[in-house]
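Quick note: to get the working numbering, add 12 to the position in the sequence shown (first position is 1). Glycine included, each C-beta is placed from N, C-alpha and C at the ideal position. Below is one structure; the comments refer to it alone.
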Amino acid sequence: MDPPKKQLIYITPDELDRLPPEAPVYVLSSSRDDSKTQGPLLPTPTSVTPSLNCHLPDAMWASTPSLVGYPNQPTNPTLFPPPLSSFTIPPPFPLNMHTPQHLNSQPPYHPPLPLQFFPPPLNPQPLAHLSSAPNISVPPNHSNSSHFNRSTKKATAPNVSSSSRDDRQCHREDRGQLTYSSIWCTPSDDFFETNGTCKVATPRMIALENEFEKEVLGRRNRALSGCVPVDELRPPLKRPEIVDNDPEDRSPIISKNGRKRPNQKKRDSTVSSLTEPDAITPDNLMDAISSNLTSSPCLDKHSRNADSLTSSGDPFDRTIQQQIEVSHKVSHPHRLHPSIWHNEAGEHNSGPACSCKPKYRIGPLHNQFEGETEVPRCRLESNNRDRLYHYRVMVTPTTNFFNCKPTIIPYNGNDYFFDGYSVFLHSSLEQLPPCQLLRFNLLYEFVAVADDFPENLTVRAMDMLTKYIFQELLELLDLNWLPHGAESGCPVVHLFPRFVRKVGDASAELLSVNHILEYWMGQSRLPLIRPTDLSAIQRMANSEWSARIDDLRGTLAWKPGVKPPAIRIDQLDRSFDSSSSSSTNTPRSLPYPLLVHMTFTPMKLSLSRDPKYKSVLKNFMKLEYLMNNKPRITAHDRAQRAQLANKLDSMDQSGVHRREITVGISSEGFYRTGIRPDVTQFALNMASFVTHIRCIMSLKSLEARLGYEFKDKSLLHQALTHPSYRRTDFGTNQDHFQNTQTSCGPRTIVYGDKLQLYKQWRKKGLSSMIKVMSFMPKQHEERSKIYGNERLEFLGDAVIEVIASIHLFFMFPDLPEGNLDAYRQALVQNQHLADLALRLGLHKYLLYTHSVDFCYDSTYVYTRSDAFEAVMAAIALDGGLEVVDRIFGAVLFGDCERIHRVWVRIPPHPLQAQFPDGDREWASNVPMLKKLSALEDRLGIKFKHVRVLARALTVRKTGFNLYTLGDNQRLEFLGDSLLKYVTTDYLFRHFPRHHEGHLSLLKNSLVNKYTQASVCSDLGLDQFIIRREDNSLAISGISDEVPSSPTRKQQNVKNKADLLEAFIGALFVDKDITWVERFCQVCFWPRLVEFILTQEWNDPKSKLQQCCLTFRSLNEDPEIAHYKILEYSGPSNERVYKVGVFFKDIQLAVGSGRSVQNAQMAAAKNALATHQEVFRQLDFQRSVIAKRYRQPYIDKMLNKLESWDESLVGKFVRDVPDYSHDAADVPEHAFKRRRCSISGLDDELNGQANSNSDMDLDDEDEGAP
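This is the structure:
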């Protein structure tokens, strides 16, 4: 009986969404115009041209937003470090130093625990309830282009690509990855038998494995056995050699202040038209490749300078070389289709997979994991339960991994659904940090969960399944899981695809490996279309044909011997190409249906990577930004914007470099696999997860070198991760991953919101900086979500500097401040830290991206020095400063025990050596020292050695005396480093949203001389200056020493700042670093509120430059404000400068000051005040604060700060734990922290320390508008 006739109507996507779910739908309209003429639903064979040039409807690419952000992470309060006796790994040298009493009080960093994985409680949908995809045939197109039609409107990539209403509904019913309380394998007594604690294969299982290896894994070799070798049909490409020497004279910069790398040499702008990239056609390139000629007019100049091709890094050279590589790639004789990209071992789509110098081909990116050795071969016909450790891989979120139509293996009347992968390792995983991968604008987290060991499997069967999926189908040819240099033995990991059937509420049955081998081998023997069915297929009705191919749509089709060997079936169309329908090409031969596959051009070769398109798009975006910040938009700006927009539209419509492509291939020669894209998706990311496991396990060798075992290994992993890594590691060749993802991955992808994802990672841009700098600090420390080691490097710089300063201060008691500073600079310079990184072997663990920048020696100097600083910071956060001190000393002088002993056994301060038990009796006997009791009472701090306090207050002109044994210059040197470290440590812990540049701005605001002078005046330290008067020591104020004239105010500021730094140094010498931290909590941290609310972190000169940059033109270099000295007056010791600030040859304002810098700052401040109506950027900066905080809240907080309200100060000291209940378990340094008191405030605040609130300062009720 013929099916009932159906009326063909055309509807828009909006009308389609309003249809009931049960309504049958066969095609989507490609236009919102209802009257537009459409092609037939199933075109006749004569309507299809020899080459399938088709256009899919626009509704196929309809999208729905999917906002995916970061999950909230729990935080832990600050804890004290454990005693040194708790460390199981002994230090390389005895730890008998004098300094631990100063260092061991710094609380270690305890990041939050990893997120616990709670998969969504979703049950797998039975197959019978799945909606079948509609039969959508590809309309014919007789044009010469085989690409999709795009809208001329410029837009970003859609969030969700969907081909039908059923697909959209399918994504709303995604399966989750389930957890089970118990799981067991399907019975397979004929294939496995028990041998002790393990299961071993029976002869029947061994026969099955042999058959699978011959029939499935050997099919590609049989298909290529009669073919001519590829190298004979396509001669190998001659490439320039990679040399070790730098193309430029790049001398390493060893100064900490000179971190900017030299710019590359610019190429001569006059280039011959014959050498333009557009003048090189594919035909010319193919001729040069096939004949290996070097005399081509387009390539002659390039061939003569082959060595400079790779080493120069010139964009022009790279463009030409990329075109040569692409033409060589497309000439592969076994290519399946010209528009489908394949993989070749060791090759990107546009060149070699690695362009690093030979000496830099080390580390994880080159499959070299330190500490890995050859693994003894497992027993192939056993499950090796006595040797292997089993873990189940869980992923969250499960978007794009588990959909409503999964891969299913039927067995014994039940369906077993694909449930991810299991990994088998030769050593156990201890505290494996989650593997975070960035895919489709979504941040995925992979974790390994210990699970019951599956019984019915063998190592040989697992390895064969891995080879079948990863190499024979997915063509991941660069994947190598053997240790570097090993040619035999076991891979470091074995993988097993899990197929489960849920039994009851929390139990499941796992399919044994023999059933997987049998089913997949049976599927691989089935042709996609049997030749005997061709005649019946031509007579089938449309509904019957649609039902027949319903189970095949979305599966992988395999054609051994071609490249790529497997592609996803998006549609099977009975329209055919008569020229390629049959290999016999006889009139009686029946045509095979067309396998329709939708693919993408690789990103590197698409329009978005075209240099001309990128240049136009960059100019368009730049002009948009300038127009938004200009006070007045001119007609020329509008015309220029319209011109650039039209140029972009014309390039979009040109059809060149089009990404979306639909191809049609004859289904002859293809075989079934029974595998769907969910297996592909999981398998591709398993490559990244295995790399993550190997990286973490290799860190054990680094911990052995350091003599310290990390409690949180994610800190060490982050310290070794360069920002360029960007969580996009693919575990193998990047282009191989992307090509396979396109050919075999899911057709419909759910994308996350890129703006939300990168919002908190973005660090560039003026607007981003202003918004980030408006956030208040967290009351309790919080782990930052910012990726890379830049924040750790920011902290590590201060850690190394303070340790070097402490040792130099105590080791050289008679050395002046200038010499100490010279020694410290020699220790902390970049070149020296890079050498220390080499001594530790950090370059063997670094994670970075393959790029042109990493081809230079100078780049690696900075990378190694930054990594060393980041590792030191990670150790400080995980174990405390005393551990860093031990490791840093061992790395410096560990090869010489005598020098190392001098470094670690530093003597006490000379004033402490005279009176080890304290010199408080001097305060009663010496009148000058007796006056310092008033200062101690004011501060609430009693010094054990009062002469140390006296030395901190002794100015340079005083000279040597028996009371202080010198002036305060050396203590000032020490206090400067201590203040920077404590400030950096606080900012790192309590500002998780800020990048290292933002943290530097806040640090400079806190530690500059003006803030220090203000704190000094508030505490009254400037009224206790010790100086020599009439051959005797006396105490007076700074105002008595220097007349308070306008020309000498700057000197007062400098003197007060030096006095405060010396006091901080004295506080550390007499107490420890915990007292310095508490001092800064009370006297410095609350001032951050004022800096943030009033935006004082942004000085007037910076503000003026930011405003001037908004007036730059599109095709001109940005013009900034510049300053000129107009006049100066007065003697050299009291000179006053008058400076004018100019912008575009217009004088904006004038300022005066005792120094040129102060005069420039005054001029900038006056310019901003005078031209507020012109600089719109100032309105934006003020509006950021106004939108985040209400004005009454701002006034209230500033009033609290002015009166130094105790409730405000208490918000910065609540991280101190209360040990009153467990006094017996309190370490000694904890009581030191509790005894610290400033004006009695500490006793009151300790009672508030039990609050569990982690509320931001900006979360007050009246804070946000």
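Here the C-alpha atom of residue 513 lies approximately 21 Å from the C-alpha atom of residue 436. Assigned with DSSP and collapsed to three states, residue 210 falls in strand.
Note on residue 1145: under 16 other CB atoms within 10 angstroms of its CB, so exposed under the neighbour-count rule. The bridge partners DSSP lists for residue 519 are 194, 515. A direct Cα-Cα distance of roughly 15 Å separates residue 363 from residue 751. Each residue's CA atom was taken as its position, placing residue 434 and residue 368 some 34 Å apart. A distance below 8 Å between beta-carbons, with the five flanking residues on each side excluded, links residue 833 to the following residues of its chain, in chain order: 985. For residue 357, the number of other beta carbons within 10 angstroms of its own is below 16, and it is reported as exposed. Boundaries of the alpha helix (DSSP H) around residue 1180: 1168-1182. Beyond the five residues adjoining it in sequence on each side, residue 401 comes within less than 6 Å, by CB distance, of 437, 440 in the same chain, given in chain order. In this chain, residue 825 is not harboured by any beta strand (DSSP E), its DSSP state being neither H nor E. The beta carbon of residue 365 sits closer than 7 Å to those of 358, 359, 490, 745, all from its chain and outside the five residues before and after it, given in chain order. With fewer than 16 other beta carbons inside 10 angstroms of its own, residue 627 counts as exposed. The beta-carbon separation of residue 992 and residue 1025, rounded to 17 Å, does not stay under the 8 Å limit for a contact.
Here residue 221 is not near residue 533, since their CB atoms are 8 Å or more apart.
Within a 10 Å sphere around the beta-carbon of residue 989 sit 16 or more other beta-carbons, which makes this residue buried.
Sequence-distant Cβ neighbours of residue 420 in its own chain, meaning closer than 7 Å and more than five residues away, are 139, 427, 428, 429.
Segment contact: the stretch 936-949 against the stretch 833-848, fewer than three CB-CB distances shorter than 8 Å; contact not assigned. Taking 8 Å as the cut-off, the Cβ atoms of residue 468 and residue 211 count as close.
Assignment of residue 502 by DSSP, reduced to helix, strand and coil, places it in the strand class. For the options 675, 702, 483, the alpha carbon positioned closest to that of residue 350 is the one of 675. Within the stretch 1088-1160, complete alpha helix (DSSP H) segments of at least 4 residues are found at 1099-1105, 1112-1121, given in chain order. Taking all protein chains in view, the Cβ of residue 647 is surrounded by fewer than 16 other Cβ atoms within 10 Å, so the residue is classified as exposed. If one requires a minimum length of 3 residues, no beta strand (DSSP E) run lies completely within the stretch 342-366. Listed in chain order, the non-local C-beta contacts of residue 204 below 6 Å within the same chain comprise 211, 468, local neighbours out to five positions each way being set aside. The DSSP-derived three-state label of residue 586 is coil.
Burial check for residue 217: the Cβ neighbour count within 10 Å reaches 16 or more, so the residue is buried. Assignment of alpha helix (DSSP H) within the stretch 694-758, counting only whole runs of 4 or more residues, yields 725-731, 746-756 in chain order. Between residue 384 and residue 710, the gap from beta carbon to beta carbon is short of 8 Å. Nearest to residue 802 by C-alpha distance, out of 1153, 511, 1007, is 1007.
Residue 759 has its alpha-carbon roughly 49 Å from the corresponding atom of residue 1115. For residue 688, the CB contacts under 8 Å within the same chain, skipping 5 residues up- and downstream, are 417, 418, 419, 430, 566, 567, 568 in chain order.
Taking the CA atoms as reference points, residue 504 sits about 59 Å from residue 953.
Under the Cβ criterion (8 Å, minimum of three pairs), the stretch 1200-1209 does not count as touching the stretch 1133-1147. Residue range 420-423 is occupied by the beta strand (DSSP E) that includes residue 422. Annotation: residue 682 is outside any beta strand (DSSP E) and is labelled neither H nor E by DSSP.
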